[in-house]
Structure formats: C-alpha cells, structure tokens
DNA sequence: TTGAAAGCGCTAACAT
DNA sequence: ATGTTAGCGCTTTCAA
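Chains as they are written, first to last, in full-length UniProt numbering: chain A, 1 to 345; chain B, 1 to 345.
1. Verify whether the separation of the beta carbon atoms of residue 177(B) and residue 207(B) is less than 8 Å.
2. So, is the C-beta of residue 322(B) closer than 8 Å to a C-beta in chain A?
3. Can you check DSSP and say which residues form a bridge with residue 180(A)?
4. With a threshold of 8 Å between beta-carbons, can residue 83(B) be considered close to chain A, or not?
5. Which residue or residues does DSSP assign as beta-bridge partners of residue 273(A)?
6. Which term fits residue 173(A), buried or exposed, when burial requires 16 or more other beta carbons within 10 angstroms of its beta carbon?
7. What separation, rounded to the nearest whole angstrom, lies between the Cα atoms of residue 143(B) and residue 99(B)?
8. Specify, as a first and last residue, the run of the beta strand (DSSP E) that residue 141(B) falls within.
9. Would you say residue 274(A) faces chain B, with C-beta separation under 8 Å as the test?
10. With a cut-off of 8 Å on the beta carbons, I'd call residue 130(A) and residue 109(A) a contact; round off their distance for me.
11. To which residues does DSSP link residue 97(B) through a beta bridge?
12. Would you report the Cα separation of residue 46(A) and residue 59(A), rounded to the nearest angstrom?
13. Compute the distance between the beta-carbons of residue 63(A) and residue 119(A), then report whether it is under 8 Å.
14. Quick one: is residue 139(B) near chain A, going by C-beta distance under 8 Å?
15. Taking only three categories from DSSP, how would you classify residue 359(A)?
16. Indicate the three-state DSSP secondary structure (helix, strand or coil) for residue 282(A) in the structure shown.
17. Identify the contact partners of residue 1(A) in chain B, using a Cβ-Cβ distance below 8 Å as the criterion.
18. Tell me, please, whether the CB atom of residue 12(A) is closer than 8 Å to any CB atom in chain B?
19. Within the 8 Å Cβ cut-off, does residue 267(B) reach chain A?
20. State buried or exposed for residue 7(A), treating a residue as buried only when at least 16 other CB atoms are found within 10 Å of its CB.
21. Can you name, in chain order, every residue of its own chain whose Cβ lies under 6 Å from the Cβ of residue 82(A), other than the five neighbours on each side?
22. Sorted by chain position, which residues of the same chain lie with C-beta nearer than 8 Å to residue 295(A)'s C-beta, five sequence neighbours on each side aside?
23. For a quick check, are the C-beta atoms of residue 268(A) and residue 257(A) less than 8 Å apart?
24. Counting only runs of 4+ residues fully inside the UniProt domain "HTH lacI-type" (4-60) of chain A, write out the alpha helix (DSSP H) ranges in chain order.
25. Is residue 318(B) helix, strand or coil when you go by DSSP?
26. Quick one: what's got a C-beta closer than 6 Å to residue 271(B)'s C-beta in the same chain, skipping five residues either side?
27. Would you call the segment 146-157 of chain B and the segment 288-307 of chain B in contact, with 3 or more CB pairs under 8 Å?
28. Taking 7 Å as the cut-off, is the C-beta of residue 132(A) nearer than that to any heavy atom in the ligand MN?
29. Flag this pair as yes or no: are the beta carbons of residue 151(A) and residue 179(A) separated by less than 8 Å?
30. What separation, rounded to the nearest whole angstrom, lies between the Cα atoms of residue 43(A) and residue 53(B)?
31. Taking 8 Å as the threshold (C-beta atoms), are residue 235(B) and residue 184(B) in contact?
32. Which residue wins for smallest C-alpha separation from residue 248(A), given the options 278(A), 18(A), 323(A), 240(A)?
33. Expressed to the nearest angstrom, what Euclidean distance is found between the alpha-carbon atoms of residue 139(B) and residue 9(A)?
34. Listing by chain order, which chain A residues have their CB less than 8 Å from the CB of residue 80(B)?
35. List the residues of chain A that residue 251(B) touches, going by C-beta distances under 9 Å, in chain order.
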C-alpha cells in the first residue's frame, strides 16, 4: 500500500523530480522535450502515480479544499446546504463535510479540527454561541444562519423574525390564541429569534405562547417524546396549536399525535420552520416556512470564493415564505379546556 | 490571515522548533525543563498556534482523517451511514464526507480526488460499476452496499436479494400479480439485485414485473415525474402495485398519485427499499424494507479500523426486515384493465 | 535538557 | 531542455 511518489516516477524514467512536477502540472510547454514528456506520462500511467495533495498544497501554500461544518446531516436541510456549496464551488475547490462526534451538535473542537487541515476556506452552519465565542479565524470563513453573530465574518442569513411573523399571523388569523412552542435546547441565535419573533408577533395579534417545552436535539424521536410528555398539560391549558422550532420535531409531534389519537388539524394545528422536501408528503401535509437550503449553500459558496480572493462581501439575508398546508386549520370553536384568557398563566 | 507556525512559537519563546514539537505532542516528559515547557505552552496560547495537520501527517506518514464518499447526502440514508461511521471512528480519526459534483452520483474522479489527500482510509458507499472498474486502492478501503463487487476489498453489504424476496412475497400474498417496477438509471450492483431479486421472487409466487420505468436519479421529484408519465400505460395494463428502487422515488410516486387522485392503497399499492425514518410518517405510511444505515456505517467504520491495522476482516451481510404499512393492501378484486395474464406482455 | 539537521512529497527559483 | 536546490511546517534521530 506504499504510495507511489514523484521520486519513484523520476527514478523509473531516469529524470529529476522537477521534470515530473512540470509535467504533472502541465507546465511542460517549451520546458520539457516531447520525448521526456511522453516517457514521464507513460511512467505515471504504469506506476499509477497520484500526487500527494497535502504535500502539494504545503509547497504551494495554496490549499485545494474547503470544509463545511454542520450540526447533523441526518437533518435533510444540511444535506441541501452542502449540495448548494458543492455546486457553487465545483471545479474550484473540493468540499468536505464535517460534523460533531456522536450525532450531537459540533463544538469548538470540531471546528478546530476542521481548521487543522490546511484549507482554503470554512463554512460554519448554525454555529452555537459557544463556537462563536471561541472562534478564531485561520482562513476565510462564512457563517450560515447565525443572525445575531457579532463576529466580523461574512454571513448568509435567513430572515428568521419574518418567518416567525408569518407563522404567527397565519395561526392567529385562523383563530388560534393559546399556542405551545416546542423549542430545542441549543444556544443559537437562530432559535432565540424563532422563539422571540414568534412570541412578539403572536402578542401583536392577540395570541400568546402559553407553554414551552424543550427538545434535546432536532430529531423526529425527540419531537415525539417531548410531545407525549407535554400534551396532557398543554391540552388542559387549552392549547390549540403547536409551533415547532424545526420540521424534524414537527414530524415527531405529528406521528405521536396520531398515535394517541389527537386529530390534526381538527383538534390541534401544527406549524414549523424549514419546509424540508418531505414536509408536504406528511399526513397531514405540514405547514412550514420554507428555507431554501440549497440556495443558502450556493450563496455561502459564492461569498467564500469572494472572501478567499480578499473581497469581503458583507451579509445577505434570504427571505422565506410560509407554505400553509393541511396541518393547520381554524382553531376549534370552543377549545376544550380554554377557561382562561391568553397570557394568564 | 497568515497562520502561526511552530517557528513563530519557537522564535517568540527563543527556543528551537524541536522543543515546540515535543511539547505539542506531549513528549516533553524528562526531555524539556518545566521552565521551557511552561513558556512554550504560554506562547502557544498567546499566539493561538495550531499545528498544521497536513504538514504533520506528511512528516509522520500517519494521516489523521478518513473519508466517506457517497452519492448524495440529500438522501437521508447516507446521512445515517455517515453518522454511523463518525460514531465508530470518533476520537481515532476525523471523518470527512465527499460527494460528486452537481448532485449527480460520484465518479472515479471524485474518488481520485478523495484519495489525493493523504488519508488513513476510505469508505465507498454504493459505488457504480464504473468506479469499481477503475478503482485502485491507495489506502485501506471498505465498500458499502456493493454486493457483487469482485474487487478484493472488505465490504459490508445488505442482503438485497432477501429484501426483494420479502417485498415480493408480501405483495403476492396480498394478491398482486401485475406489478410495475420503478428502477433508477444507475449501473450498480445493488440496483441490479433489487430488480433481479424482485423479478425472481415474484415469478416464484405467481406475480410478475409487467412494466419498468427508469428514474434519472433518486429524488422525490424524479419519482413523481416518472410516475406521472408512466401511470396511464401502467393503469391500462392492470398494474395494481408499484415497487420503487428507493424510498425517495416512492415518496414522489405517493405524492404524484395523490395529485391525480389515484387512491393508495385501494387502487394502487406501493412498496420500496430503505425505510428512511420519514417513511412511516407518510400519507399513507410507506411499506418499505429497513436498511439500517447507521449500523451499516458503524460496521464499515470498524472494518476500516481493522484494515488500517492490517487485518482484513472480510465481508459481512446485514439482514433486513419488511415494514408492512398502509401503502400496501390487498389488490383490488378486479384490476381495472386486467385483460391479460401476468407475464404476457 | 536542548538544538541542529535531515527528511516527508512536492513546487519553484535558479543553474547549467 | 533538464537538473540542483531550497524550502513549505512538521517530526525525529542524533549530537551537544
């Protein structure tokens, strides 16, 4: 398994490694004879020589890869983001994806590991406050969906507050007043804004968040679990709609609601953020705010390219739009246990 | 953005790079004075020095990363696989994920690029025949779901033929005889086996594949598209069930069937391979054969570890089990256009 | 206990 | 047209 080196090729041909290097890099025009050129090419083929990329970028000081660090590829959203980045960087840089160990979110160590390779650029999707607080740029870096970040890095954001506003107005226009919020226990700007934005817009429209629960992670299973342990209480309080911080949680809630016979949307409306492609196939189709992950990735890729060339391109915020589907409907006329007015918990 | 090097640290402290190296690698016991040790540590902290991983693995000839190459992370299955590998290799190696450019499948170039870094190991998920035919190992490599591969590499496979058998028996036991197969235009063993296995088991049980269509890629949109352009013909032939080569396609079929008012499962049953977590939340819940992507990844990680240590651990085949859900039901008593006997096309 | 020096595989001046 | 040489940032003998 010993790898073939340029020295091996040179010895095989009987020339210097410099000549091999010139040929490999296509710099041979007028520098290497047709003769030698052909023999080197042949030797490369015979020996199956592949230049060692790390050695090469060490020598040239121009790395050839960038890396995307994201919380969890099992959430299709990040698959989309990755795909967008690959698309916009294709041909220019190789793109590697990195996640934290153990399916948990990534932390500063994960980022430092990613920075340890010599890379041309870095994209951080959804960084936690901890990551942001300790982050030291070692190469051009762009942030995705990190709306309140104070670090001086280019960002491509999602207009989260507006997304929350759309959900809030949709729900209140359907007559929902007592709303539960299923948050995730992650210290990230985007989730802070989801909750705060929702709360603000709800209040402005006569609604309120009357109950909140926290998922430990953004997974379907967690969504189910938290719903099952909260529903009895929420039901008693007269909750008619649940907003989830992410589709993954909403999926879990929908599944669990089915399992205990809570009719959606007749008894309970469900809305969420992300609108991953599967959301519209759900039973019932899920009302969700669309974040275009692929476009987000594409833009991040372009910003990274600019940053690598030394042009800071500033921030950019993508708009979202609500997809109202069958998981939300008018609030039941007399919420079963609505013995109180919104806001009075 | 100039990166701090060990030389910078050495100059700052006023010592040699060798001493810095020893401290960084924890080899300082009895070789470096407490004095110097402390000063170097302090300098590392002040300057925020991070060893260049590529330089380091160049020098030691012991790389610290492995890479997983897979077709498309937007298919949650590969997200699971990745997660499994990360889990089993966590702490030992960093794991990078690579895909082909443009959302298409990866090809030999993608693999060669991945091999160009200096890496400890490589995992190829679902390699095409083209990739396999041109593949040259440059480091320990393991294959995932590449059942007929003749290359001499460790593999972790899925018992695809048995998966097909389960689907076939399930469908025929429900009385289905005229079955359409939605294949994908990919030259891969796993898809060959899905189709051949299905065909064989169907025949053995009185059913038959009476029509086949091909998707260009494994996406929900492609599933819808191909279904819409095929259904009229299939309907005419009396097809009562469709088997899809992957859940992604099945999702598209289900969505499209809804859109044109074909009742599932009353008129049409749908079954598929993979059972990604969203399958059971579909409307109706999708009958599918479970492939445990995460476990597959975990096993691949272990095999890779063994291979790196020089132990070839051979092949391993994972069993699957059918999840019969509401998307499959007894065939309609008189298939609308069943004017012919199975097999007579 | 510390430093000098060679070398990992490659590129890029600079010689010849 | 080709080879020699000096590094890229790091580790690792080997001397001091």
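For each residue, glycine too, the CB sits at the ideal point set by N, CA and C.
Just so we're clear, the structure is a prediction, and the values are computed from it rather than from any experiment.
On the basis of the data shown:
1. Against a cut-off of 8 Å, the Cβ pair of residue 207(B) and residue 177(B) comes out as a contact.
2. No, no contact with chain A.
3. 211(A), 242(A)
4. yes
5. 289(A)
6. That one is exposed.
7. Approximately 15 Å between the Cα atoms of the pair.
8. 141-144
9. For residue 274(A), the answer is no, since every Cβ of chain B falls outside 8 Å of its Cβ.
10. At roughly 10 Å, the Cβ-Cβ gap does not stay under 8 Å, so residue 130(A) and residue 109(A) are not in contact.
11. 97(A), 68(B)
12. So the two alpha carbons sit approximately 26 Å from each other.
13. yes
14. yes
15. The question about residue 359(A) has no answer, for chain A in this structure spans 1 to 345.
16. strand
17. Ordered by position in chain B, the residues that pass the 8 Å Cβ test against residue 1(A) are 137, 138, 139, 140.
18. It does not; no Cβ of chain B falls within 8 Å.
19. no
20. Exposed.
21. 68, 97
22. 84, 318
23. yes
24. 6-13, 17-24, 34-47, 53-60
25. strand
26. 167, 243, 287, 328
27. Yes: the two stretches touch, three or more of their Cβ pairs being nearer than 8 Å.
28. The model depicted lacks the ligand MN and carries no ligand whatsoever.
29. no
30. 30 Å
31. no
32. 278(A)
33. One C-alpha to the other measures close to 19 Å.
34. 74
35. 277, 278, 281
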